[in-house]
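A.B. asks:
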Amino acid sequence: MSDPAPDEQLVVAALRAGDEEAFAGLVRRHHGSMLRVALLYVATRDSAAEVVQETWLGVLRGLDRFEGRSSLRTWIFRILTNTAKSRGQRDRRTVPFSSLGDEVDATDEEWFLPVDHAEWPGHWAVLPEPWPEARLLGAEVRERLDRAIDTLPASQRAVITLRDVEGWGSAEVCNVLELTETNQRVLLHRARTRVRSELADYLGEEGS
Numbered sequence: 008m009s010d011p012a013p014d015e016q017l018v019v020a021a022l023r024a025g026d027e028e029a030f031a032g033l034v035r036r037h038h039g040s041m042l043r044v045a046l047l048y049v050a051t052r053d054s055a056a057e058v059v060q061e062t063w064l065g066v067l068r069g070l071d072r073f074e075g076r077s078s079l080r081t082w083i084f085r086i087l088t089n090t091a092k093s094r095g096q097r098d099r100r101t102v103p104f105s106s107l108g109d110e111v112d113a114t115d116e117e118w119f120l121p122v123d124h125a126e127w128p129g130h131w132a133v134l135p136e137p138w139p140e141a142r143l144l145g146a147e148v149r150e151r152l153d154r155a156i157d158t159l160p161a162s163q164r165a166v167i168t169l170r171d172v173e174g175w176g177s178a179e180v181c182n183v184l185e186l187t188e189t190n191q192r193v194l195l196h197r198a199r200t201r202v203r204s205e206l207a208d209y210l211g212e213e214g215s
């Protein structure tokens, strides 16, 4: 179980004072998520672990420069993604986020309203049928979900991981990944469409 999030200013003050327990608490809260995000950019878990370790060193070295313009978590993950991108480029596995991928899935127009819709930009055009919760909680379904996310283009994979796996809000995702709100929305909907299609095929096969 992760620690409850304490007051951020107190955490920063404690970290600057060299409080080891404050740093350990920060690591417990964010380390797992950082490892998952690092894996979006690098080829192996060992590389991701090195990225996370380098990020924590960067956090400690940069604390005096942290001005609180964003949340501490956002600042940490910006360091992480920049570090991971550099490592990924060396591994020749990363895809620059400036190349957002302009491919449009056929299902985009079928399932979602256009992003310039006057009232509901990017929302569901037709709400999908809900799946039984018990089936979605199964280990096999979760494994299938993880595999579906792993097959997404890098930009879509990063957005859906932060939004739907880590539970981040759209503003923080845009900040960390340096995306506009429109691009973030498009990437999220495309990712959700592909993942939902994969799960629909799997659940349909399972029930046949």
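In our numbering, the protein residues as written are 8 to 215.
Ideal placement from N, C-alpha and C gives every residue a C-beta, glycine not left out.
Answer with buried or exposed for Gly32, where buried requires no fewer than 16 other C-beta atoms within 10 angstroms of its C-beta.
C.D. replies: Mapped onto the sequence shown, residue 32 falls at position 25. Classification for Gly32: buried.
A.B. asks: Excluding the five sequence neighbours on either side, which residues of its own chain have a C-beta within less than 6 Å of the C-beta of Leu79, listed in chain order?
C.D. replies: Taking the first residue of the sequence shown as 1, we reach residue 79 at position 72. Contacts found: Glu15.
A.B. asks: For the putative contact between Val66 and Val58, defined by C-beta atoms under 8 Å, what is the C-beta separation to the nearest angstrom?
C.D. replies: Indexing the sequence shown from 1 puts residue 66 at position 59. Indexing the sequence shown from 1 puts residue 58 at position 51. About 13 Å separates the two Cβ atoms, so there is no contact after all.
A.B. asks: Check whether the stretch 179-192 touches the stretch 161-171, taking contact to mean three or more Cβ pairs, one atom from each stretch, closer than 8 Å.
C.D. replies: Yes, the stretch 179-192 touches the stretch 161-171.
A.B. asks: Is it the case that the Cβ atoms of Leu257 and Arg35 are separated by a distance below 9 Å?
C.D. replies: It is not possible to answer for residue 257, since the shown part of the chain is limited to 8 through 215.
A.B. asks: Looking only at its own chain, which residues have a Cβ that is under 8 Å from the Cβ of Val202, when we skip the five neighbours before and after it?
C.D. replies: Here residue 202 is taken as the residue at index 195 of the sequence shown, counted from 1. Around Val202: Leu152, Ala155, Ile156, Leu159, Ile167.
A.B. asks: According to the neighbour-count rule (16 or more other Cβ atoms, all chains shown, within 10 Å of its Cβ), is Arg68 buried or exposed?
C.D. replies: Here residue 68 refers to the residue found at position 61 when the sequence shown is read from its first residue. Classification of Arg68: exposed, given that the 10 Å Cβ count is below 16.
A.B. asks: Given a threshold of 16 other Cβ atoms within 10 Å of its Cβ, counted over all protein chains shown, does Gly95 qualify as buried or as exposed?
C.D. replies: By 1-based counting over the sequence shown, the position of residue 95 is 88. Gly95 is buried by the Cβ-count criterion.
A.B. asks: Which residue comes first and which comes last in the alpha helix (DSSP H) that contains Leu47?
C.D. replies: Start at 1 with the first residue of the sequence shown, and residue 47 comes out as number 40. From DSSP, Leu47 is part of no alpha helix (DSSP H); its letter is neither H nor E.
A.B. asks: Tell me which same chain residues have a C-beta within less than 6 Å of the C-beta of Leu194, skipping the five on either side of it?
C.D. replies: Taking the sequence shown and counting its residues from 1, the one referred to as residue 194 is at position 187. Taken in chain order, the residues that qualify are Ser162, Gln163, Val166.
A.B. asks: Is it the case that the Cβ atoms of Val172 and Arg43 are separated by a distance below 9 Å?
C.D. replies: Within the sequence shown, the letter at position 165 stands for residue 172. Within the sequence shown, the letter at position 36 stands for residue 43. It is a contact, given that the beta carbons lie within the stated cut-off.
A.B. asks: From which residue to which residue does the alpha helix (DSSP H) around Val180 run?
C.D. replies: Taking the sequence shown and counting its residues from 1, one reaches residue 180 at position 173. Val180 -> alpha helix (DSSP H) spans 177-184.
A.B. asks: What residue from Arg170, Phe84, Arg199 has the CA that sits closest to Leu64's CA?
C.D. replies: Counting from 1 along the sequence shown, the entry for residue 64 is found at position 57. The shortest C-alpha separation from Leu64 is found at Phe84.
A.B. asks: DSSP state of Arg76, grouped into three classes?
C.D. replies: Working through the sequence shown from its first residue, we reach residue 76 at position 69. Arg76 falls in the coil class under three-state DSSP.
A.B. asks: Residues in the same chain with beta-carbon distance under 6 Å from Ala55, minus the five sequence neighbours each way, listed in chain order, please.
C.D. replies: Residue 55 sits at position 48 when you count from the first residue of the sequence shown. The answer, listed in chain order, is Leu42, Ala45, Leu46, Val49.
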